[in-house]
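When the letters of the sequence shown are read in order and numbered with UniProt numbering, they come out as residues 62 to 414. Single-structure report; data block below.
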Amino acid sequence: SDPTLVERARTARAALGDSVFVLGHHYQRDEVIAFADVTGDSFKLAQQAAARPEAGHIVFCGVHFMAESADILTGDHQQVILPDLAAGCSMADMATAEQVEQAWETLADAGLAEGTVPVSYMNSSAAIKAFTGRHGGTICTSSNARRALEWAFGPARRGERVLFLPDQHLGRNTAVLEMGMSLDDCVVYNPHRPGGGLTREQLRDARMILWQGHCSVHGRFSLGCVDEVRARIPGVTVLVHPECRHEVVTAADLVGSTEYIIKAVDEAPPGSRFAVGTELNLVQRLANRHPDKTVVFLDRTVCYCSTMNRIDLPHLVWTLESLVRGETVNRITVDPDVAAYARKALDQMLALP
Ligand code: 13P
Ligand code: SF4
62 SDPTLVERAR TARAALGDSV FVLGHHYQRD EVIAFADVTG DSFKLAQQAA ARPEAGHIVF
122 CGVHFMAESA DILTGDHQQV ILPDLAAGCS MADMATAEQV EQAWETLADA GLAEGTVPVS
182 YMNSSAAIKA FTGRHGGTIC TSSNARRALE WAFGPARRGE RVLFLPDQHL GRNTAVLEMG
242 MSLDDCVVYN PHRPGGGLTR EQLRDARMIL WQGHCSVHGR FSLGCVDEVR ARIPGVTVLV
302 HPECRHEVVT AADLVGSTEY IIKAVDEAPP GSRFAVGTEL NLVQRLANRH PDKTVVFLDR
362 TVCYCSTMNR IDLPHLVWTL ESLVRGETVN RITVDPDVAA YARKALDQML ALP
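Here you go:
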């Protein structure tokens, strides 16, 4: 990256000291990660958001839903900044508040809302999180989805079924591969069709009503990629994120959140071989950090998360230098009524055993 920009970022960061807390998701570029006070998966970053109450500004290097969550979880005296407002998440956009209210109405009309517990992936808007909190549900991330489902079906909630938003793959992979449910226990709710395209009987009999959403980055990994890499690299360990499709996760050796993936590679002995199915910035960073191990991207083509990648050094420098001048740019705020219910669902996640 541009040496003058690196120098400017260093100078601004030093001038701001403890008044600023910089968080960085593992999918961020190296040039941005270099300036993060804390890096993490989405669960760790949610936990860490409120860890520095003395910092008046939190610069969130990640995507919009993460910055919203940080705003919900921090005090009024802290302002959350997203260095590029166009850093959204196409998966989060696949469930709008109107669509989800409509789905709940469908369930209520069928007399099924009572026994249904909403479990929403962190990758969702604050409005979806508020819906979840209003109906006694919880948020989950890829590192605690199983515990969230155990809570929803267990003595705390005794749900008959879960409405899982918005990532069908995380929902299905967790239910089938970790909770021992069958594929027949899962139905997919299509928000673009009346009643989700499901009959009342299908809704009633389902244990998991999976929203028809997905991550387009992880959706690119196919069974063919797994077969190809196994043929090419003997003894390779295929390590994937649970946002990948069910057949890919089933064919993989290990599955987990970004934090889990990093730990698996970091702790493996020299000479280990991994094919990693997650965002490319992270895979490349792991490969560079471990020249004594083989770490390859699971796909043959290059594939970044384009919105994560929008946060780059120029945007970070602009954000930090604005703060030095006393200007807050790109602040993310959540409406207080929405935030109150969203907080309930987020707190429920943070309290999962
Ligand atoms: P992690 O929860 O593993 O960080 O993954 C979240 C993600 O996909 C962000 O898009
Ligand atoms: Fe969203 Fe997928 Fe990008 Fe994660 S990797 S921010 S789920 S589009």
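Just so you know, even glycine gets a beta-carbon here, dropped at the ideal spot from N, CA and C.
{"Asked": "For residue 289, the nearest candidate out of 268, 307, 312 (CA to CA)", "Found": "312"}
{"Asked": "Nearest-angstrom beta carbon gap, residue 363 and residue 341 [assumed within contact, 8 angstroms]", "Found": "6 angstroms"}
{"Asked": "Given residue 251 as reference, the closest of 260, 111, 385 once Cα atoms are compared", "Found": "260"}
{"Asked": "Rounded C-alpha distance that separates residue 287 from residue 349", "Found": "22 angstroms"}
{"Asked": "Beta-carbon gap between residue 173 and residue 264 smaller than 8 angstroms", "Found": "yes"}
{"Asked": "Cβ contact (3+ pairs, closer than 8 angstroms) linking the stretch 180-197 and the stretch 128-138", "Found": "yes"}
{"Asked": "Contact set for residue 243: own chain, Cβ-Cβ below 8 angstroms, skip 5 residues either direction", "Found": "237"}
{"Asked": "Residue 261, enclosing beta strand (DSSP E) - first and last residue", "Found": "Looking at the DSSP string, residue 261 is not in any beta strand (DSSP E); the run it does join, the alpha helix (DSSP H), is 261-266."}
{"Asked": "Top-ranked residue by Cα proximity to residue 284, from 295, 296, 301", "Found": "301"}
{"Asked": "Which of helix, strand or coil DSSP assigns to residue 182", "Found": "strand"}
{"Asked": "Check: residue 269 C-beta below 7 angstroms from any heavy atom of the ligand SF4", "Found": "no"}
{"Asked": "With 16 other Cβ atoms within 10 Å as the buried cut-off, status of residue 85", "Found": "buried"}
{"Asked": "Boundaries (first-last residue) of the alpha helix (DSSP H) holding residue 192", "Found": "187-195"}
{"Asked": "Proximity test, residue 349 beta-carbon vs the ligand 13P heavy atom, cut-off 7 angstroms", "Found": "no"}
{"Asked": "Of the residues 107, 411, 304, the one placed nearest residue 235, counting alpha carbons only", "Found": "304"}
{"Asked": "Classification of residue 145 by the beta-carbon crowding that lies within 10 angstroms, buried from 16 upward", "Found": "buried"}
{"Asked": "Stretch pair the stretch 72-81 + the stretch 317-330: three plus CB contacts closer than 8 angstroms", "Found": "no"}
{"Asked": "Inter-stretch contact (C-beta, 8 angstroms, three-pair minimum) for the stretch 150-158 and the stretch 115-126", "Found": "yes"}
{"Asked": "Rounded straight-line distance, which links the Cα of residue 142 to that of residue 391", "Found": "5 angstroms"}
{"Asked": "Exposure label - residue 179; buried when at least 16 CB within 10 Å", "Found": "buried"}
{"Asked": "Environment of residue 339 [buried if 16+ CB atoms lie within 10 Å]", "Found": "buried"}
{"Asked": "Extent of the continuous beta strand (DSSP E) to which residue 86 belongs", "Found": "81-86"}
{"Asked": "Any non-hydrogen atom of the ligand SF4 within 7 angstroms of residue 276 CB", "Found": "yes"}
{"Asked": "Complete runs of the alpha helix (DSSP H) confined to the stretch 303-360 [at least 4 residues]", "Found": "307-312, 319-328, 341-350"}
{"Asked": "Alpha-carbon to alpha-carbon, residue 399 and residue 405", "Found": "10 angstroms"}
{"Asked": "8 angstroms Cβ cutoff met for residue 182 and residue 224", "Found": "no"}
{"Asked": "Coil, strand or helix - residue 286 by DSSP", "Found": "helix"}
{"Asked": "Residue 119 vs residue 107 beta-carbon contact at 8 angstroms", "Found": "no"}
{"Asked": "Straight-line Cα distance separating residue 353 from residue 87", "Found": "21 angstroms"}
{"Asked": "CB of residue 395 within 8 angstroms of CB of residue 162, strictly", "Found": "no"}
{"Asked": "Residue 226 - partner residues in DSSP beta bridges", "Found": "181"}
{"Asked": "Contacting residues, own chain, Cβ-Cβ under 8 angstroms from residue 343 (five flanking each side not counted)", "Found": "87, 88, 319, 322, 323, 337"}
{"Asked": "Residues that DSSP places opposite residue 199 in a beta bridge", "Found": "180"}
{"Asked": "Residues of its chain near residue 158, where Cβ-Cβ distance is below 6 angstroms and the 5 sequence neighbours each way are ignored", "Found": "188"}
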